[in-house]
């Protein structure tokens, strides 16, 4: 999955998010209305699409959408 | 004073958190403890805190062969504390069949099968006490907790049937339903959300978050003869959370 596809699909999971909000460099925690539900959605999204279970510590080590994508790539190749 | 002298107590999920606290307290109150869990190294850490004669049985309760071995190898019981379980938040729209299986096998099926096998093998002494760890979320939901809450609600219903089926032998069964307790699961939740969010959440608890020892104290009471007239009930432990109107 390309980074653009990753962004598009993740954005679609955040139902209340206007299209185009997420970019590779977006610091996802600074998104308006950010809550723990969004964190859960990220963890579940990555679980379903990549069969990778992220821990809380994994998530904490990321800041931007690009970081998330890189983490998935890294875990996939591990 | 609560004493567990001359009682043999099996604690599942004894490798960490609430299970470990229960095992250590039961030991301090005079019980002979049998501890079980998947992680041998962590079980040994628990065992290092036990003073009385005890037994360590490494077992993954979701594996039926290992569960049967556990039942075969443990002595007759005066108490069983079912602490083994998992928490994995998942919003409803992501739920697939594999998630339901994973959650229910760990939190419901394995506990039910353990109770069934112990009962069938006549491993419960008369007057034994069985405790199930549930959660207030079985009645008071949280976001992402659909499967976890459902597995705990199922366990509570199971406990009530277990209680009436075993009452003729004065064997009792009760549920402890805590809200958030500071365990490894708590630390994991804090990492996935944020310290700030957890602090805001704690502000809703008149008595703050719970500690594993708080749950262990209640379990010790339910195991002891001091609670001999209590069966089939659920004891909610929430630090006053559900009393509070603060949001």
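Residue numbers (this note's numbering), protein chains in the order written: chain P, 3 to 80; chain B, 49 to 295.
Beta carbons: idealized from backbone N, C-alpha and C, even for Gly.
Proximity of residue 61/P to chain B, defined by a Cβ-Cβ separation below 8 Å, is satisfied. For residue 236/B, the neighbours in chain P by C-beta distance under 9 Å run, in chain order, 57, 58 and 59. By the Cβ test, the stretch 36 to 44 of chain P is not in contact with the stretch 213 to 232 of chain B, since fewer than three Cβ pairs between them sit closer than 8 Å. At least one CB atom of chain P sits nearer than 8 Å to the CB of residue 192/B. In the DSSP secondary-structure assignment, residue 103/B is bridged to 82/B. Around the C-beta of residue 179/B, 16 or more other C-beta atoms lie within 10 Å, and the residue is accordingly described as buried. Using a Cβ-Cβ cut-off of 7 Å, residue 241/B is close to 38 and 41 of chain P, given in chain order.
The shortest CA-to-CA distance from residue 118/B to any of 161/B, 153/B, 89/B and 267/B is the one to 161/B. Around residue 71/P, the same chain offers 5 and 8 as residues with beta carbons nearer than 7 Å, after the five sequence neighbours per side are excluded.
DSSP, reduced to helix, strand and coil, places residue 57/B within a strand of the structure shown. In this chain, the beta strand (DSSP E) harbouring residue 282/B covers 282 to 285.
At a cut-off of 8 Å between C-beta atoms, residue 48/P does not count as an interface residue with respect to chain B.
Inter-residue distance for residue 228/B and residue 75/B is about 25 Å (C-alpha atoms, whole angstroms). Taken atom to atom, the span from the alpha-carbon of residue 98/B to that of residue 235/B is near 25 Å.
Taking all protein chains in view, the Cβ of residue 96/B is surrounded by fewer than 16 other Cβ atoms within 10 Å, so the residue is classified as exposed. Under the three-state reduction of DSSP, residue 66/P is assigned to strand. Under the 8 Å Cβ criterion, the stretch 63 to 70 of chain B does not count as touching the stretch 276 to 291 of chain B, having fewer than three qualifying pairs. Within chain P, no C-beta atom comes less than 9 Å from the C-beta of residue 226/B; the nearest is roughly 20 Å away.
In chain order, 48, 74, 77 and 78 place their CB closer than 8 Å to the CB of residue 54/P, counting only its own chain and leaving out the 5 sequence neighbours on each side.
In the DSSP annotation of this structure, the continuous segment of the alpha helix (DSSP H) that includes residue 67/B starts and ends at 65 to 76. Residue-level contact by beta carbon holds for residue 45/P and chain B, with a gap shorter than 8 Å. The secondary-structure analysis by DSSP pairs residue 29/P across a beta bridge with 66/P. Secondary structure at residue 172/B: strand, using DSSP grouped into helix, strand and coil. In the DSSP assignment, residue 126/B falls within the unbroken beta strand (DSSP E) covering 125 to 130. Around the Cβ of residue 14/P, a 10 Å sphere holds fewer than 16 other Cβ atoms; the residue is exposed. Exposure of residue 255/B is indicated by the presence of fewer than 16 other C-beta atoms within 10 angstroms of its C-beta.
If you compare the alpha carbons of 58/P, 38/P, 57/P and 50/P with that of residue 249/B, the shortest gap goes to 38/P. Under the 8 Å Cβ criterion, the stretch 170 to 187 of chain B counts as touching the stretch 123 to 136 of chain B, having at least three qualifying pairs. Residue 181/B is bridged by DSSP to 224/B.
Beta bridge pairing from DSSP links residue 258/B with 229/B. In the three-state reduction of the DSSP assignment, residue 16/P falls in the coil class, being assigned neither a helical nor a strand state.
Secondary structure note for residue 246/B: its alpha helix (DSSP H) is the uninterrupted segment 243 to 250. The continuous stretches of alpha helix (DSSP H) do not include residue 21/P, and DSSP gives it neither H nor E.
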